Structure formats: structure tokens, C-alpha cells
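Just so you know, the working numbering puts 79 at position 59 of the sequence shown, and the rest follows in order with no gaps. Ideal Cβ placement from N, Cα and C applies to all residues, glycine included. Please read these numbers as outputs of a predicted model, since none were measured by experiment. A quick write-up on the structure given underneath.
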Amino acid sequence: MQKLLQDTILRLEHALDRRRDVDSAFKELKNLLVTEIELTCKEQKQNIPNKRHHKNNRKPYWNEELQDLWDKACKAEKEWTSCKTNAKSTLRSIYVQRRKNFDTFNRKSKRRYQIEQQNQLHYLEGHNTKDFWKSIGKLGLANERKTQRIYQVRTENGEITNDTDTVLERWKTEYESAFNSVDSCNNYDDTFLADIKNKVRNENNYRKDIDVSGLNREISREEVKDAVYKAKLGKAIGIDEIPSEILRNDNCIDLLHKLVKFCFTEGQVPEEWLTSIITPISSFSKD
């Protein structure tokens, strides 16, 4: 591996210093990293959950007792529907009673869970506002499996309507009046206008006094290292197939520094850097 690394460094430097070919240099770096990944990392296949199974997830308050009552109700229903004898009426009564037992305990468990969640929210509100708002965010419409939001507006005569055309027209009118108000555009005096012009003039003068020569200095190795270690881990790879985790070593930082330094100085970047991947991620709760 050490020999492969040295050969890659030589080819990368040759591509940059002599041929001025940044695409070839990046290709050498990419091939080195991809080869190292294939040699040292095992491929893992992601288990994609079954869509039907995903929809049948139990409620958050589901427990073993509920499961037991549910199984008994299902068993009683099966025995009742498959019965061909005179005991069918008796089996139906047994099923109805077991279903009633399950429904009663299910409602109690749900109420108990909701009370616990309310108490937890009250506690977080006073002790941890960050987690409080996270918990609030999880109480959205999607968690209740609602297929559509409720659109309602109050008309000028005070009545509430949910007619789609009326709602959209009211929204259109409100936004137009908010962002195209003539009064708000002309509601200023000469003193206000002079004050704004003075602030703009002072800001422009301040910007002229700022020394920006440091922005054009060469990119240092430390800057490249800081950028590498600030990159988030565990994220999906891009078109280059290089995860950020593998760049966290001195050899990769040295190679990246040579490449980035050339790009900044010459104003050229690898063609692959100009390509992006957009992958739509579908929701399991929707078709």
C-alpha cells in the first residue's frame, strides 16, 4: 500500500506540475481512495423495510398485555368464522367479548401514554426547551396519518369557509396587499431618506478600508485539514464515491492540499466537481 501511495503522489504531482491536468490528478487521488476502501472495508447491504410491514407498526404504547389480548381476539375471530357447527353462536359471543376486552384495554393504554407524554412536555418546557420543541415537532399531522390539511379562512363578513377557491383567493389577496403596499413604499420623510443614504455611504467607505489581500493568499495545509475534520461523518457519498471518513489522515490531507492549492491558483477544478447527484427519497407512508 505504501508503494501504491508513493506512485500515486508522483503521478498526481506530474499531472499538476507538468501537464497542468487537474482532472487526471483528481482521478489518481480518487482511484487510490476507492482502491483502499475496497481492500479494507466490507460491503454492507442495507435492509430495506417492507412497505406493508412498515404500515403495520404498532402504536408507541403497545405492550405485551395488549399483544396477548389482540392474539386472543384474532384467534376467537378465526374460530368463529371457520366454524360450521351449532357452536357458531357461542364462538361469536366469545369473540365479541375478547374484542371488547382488547378495545377497553387499548383505550386505557392510549390514555395512559398520552398523559405520560403531556407530563413529559410540561417537564421539558421548564428544564430543556430544546428537547421540548423537538417533541412538539413530532406531534405533527403526519404522525396521525391524516391525508390532507384543513384549509379554512374567515371571510369579510365573519363567516368561516373551507371552499378551496375562496381560501386560495383570500391567500392571494392577503399576500398581494402585504408585499405590494403602496402606502408602505411611500411612507417616509426626507429625514429618513437622508439617514439611509448616509448609512449606505458610511458602509461603502468602511468596506473600502478593509484589507482583503489575505483572501488571495495560498491555501495552507492547516486550512485543508480543518475543512476535512469539520466535514460531517456518516453522510451519503457523492459522485466521486469518497466518504469523508477516509480523508482523515495525513497522506490524504497532503494530496488534497496539492490539489486544492492548484485549483485555487490556476482557477481550474476537476470536471467531476461540477456534477451533482439528486436522489428523490420516497416516504414509506405514501404511495
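When we look at the beta-carbon of E189 and count the other beta-carbons within 10 Å, is it buried (16 or more) or exposed?
exposed
Cβ pair count under 8 Å reaching 3, the region 282-296 against the region 77-86:
no
So, for Q172: in the same chain, excluding its five sequence neighbours on each side, which residues have a beta-carbon less than 6 Å away from its beta-carbon?
I180 and N182
Taking the alpha carbon of K47 as the point to measure from, which residue in F122, C94 and A35 has its own alpha carbon closest?
The shortest C-alpha separation from K47 is found at A35.
Of all the options I230, D260, N177 and R119, which has the alpha carbon lying nearest to the alpha carbon of W90?
Cα-wise, what sits closest to W90 is R119.
Nearest-angstrom Cβ-Cβ length linking L213 and V244, presumed shorter than 8 Å:
Their Cβ separation, rounded to whole angstroms, is 48 Å, which puts L213 and V244 out of contact at 8 Å.
The alpha helix (DSSP H) spanning I135 covers which residue range?
Segment K108 to H147, the alpha helix (DSSP H) holding I135.
What's the gap between the Cα of N269 and the Cα of V248?
9 Å
Label L235 either buried or exposed according to how many other C-beta atoms from any shown protein chain fall within 10 Å of its C-beta, with 16 as the threshold for buried.
Burial state of L235 is exposed, judged by a 10 Å Cβ sphere holding fewer than 16 other Cβ atoms.
According to DSSP, residues forming a beta bridge with R174
I180
Quick one: is A96 buried, meaning 16 or more other Cβ sit within 10 Å of its Cβ, or exposed?
buried
Going along the chain, which residues of its own chain have a beta-carbon closer than 8 Å to the beta-carbon of V289, five neighbours each way excluded?
V42 and C283
Assign L12 to one of two classes, buried (16 or more other C-beta atoms within 10 Å of its C-beta) or exposed (fewer than that).
Any property of residue 12 remains undetermined from this structure, which presents the chain solely from 21 to 307.
Cα-Cα separation between K219 and R241, rounded to whole angstroms
40 Å
Simplified DSSP state of E292, which is helix, strand or coil:
helix
I believe I266 touches E56 by the beta-carbon criterion, under 8 Å. Please report the beta-carbon distance rounded to the nearest angstrom.
About 7 Å; that satisfies the 8 Å criterion.
For A198, which three-state DSSP category applies?
helix
Could you tell me which of Q87, D88 and V116 sits nearest to A99, measuring between CA atoms?
As written in the sequence, residue 99 is Glu, which differs from the Ala given in the question. The option with the nearest alpha carbon to E99 is V116.
Neighbour-count burial assignment, L30, 16 or more Cβ in a 10 Å radius
Note on L30: under 16 other CB atoms within 10 angstroms of its CB, so exposed under the neighbour-count rule.
Among the residues of its own chain, which have a CB less than 8 Å from the CB of T28, if the five just before and after it don't count?
E48, L49, N51, L52 and L275
Roughly how many angstroms separate the alpha carbons of N177 and T184, rounded to a whole number?
18 Å
Where does N269 sit, in a helix, a strand or coil, going by DSSP?
coil
Reducing DSSP to helix, strand and coil, say where W90 ends up.
In the structure shown, W90 falls within a helical segment according to DSSP collapsed to helix, strand and coil.
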